[in-house]
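In my numbering, the protein residues as written are 41 to 115.
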């Protein structure tokens with residue numbers, strides 16, 4: 041699941057929605073060290089952080105949890 045979240049982050053960076061990882065970890069209300077630990081696979085995002093990520097960036101939750109191909113919910 042974490043790898044999918046980082047794929048979404050890379051896609052958001054590619055289209056200019058976010059510029060830096062700091063933009064994401066501020067939304068998730070976590071510090072840089074914890075974010076980097078998640079990125080390295082030492083820890084995982086909490087349910088609350090995933091919820092914030094999905095809602096803030098209009099991510100299709102089924103992309104993260106059920107392997108749907110559509111990455112974003114277009115509203």
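Heads up, the beta-carbon is just placed ideally off N, CA and C, and yes, glycines get one too. In this text, all values refer to a predicted model and were calculated from it rather than measured experimentally.
Short of 8 Å from the beta carbon of residue 59, and not among the five residues preceding or following it, lie these beta carbons of its own chain, in chain order: 53.
Your pair residue 99 and residue 105 does not check out as a contact, with CB atoms roughly 11 Å apart and the cut at 8 Å. Per DSSP, the beta-bridge partners of residue 99 are 112. Note on geometry: alpha-carbon atoms of residue 72 and residue 65 lie some 7 Å from one another.
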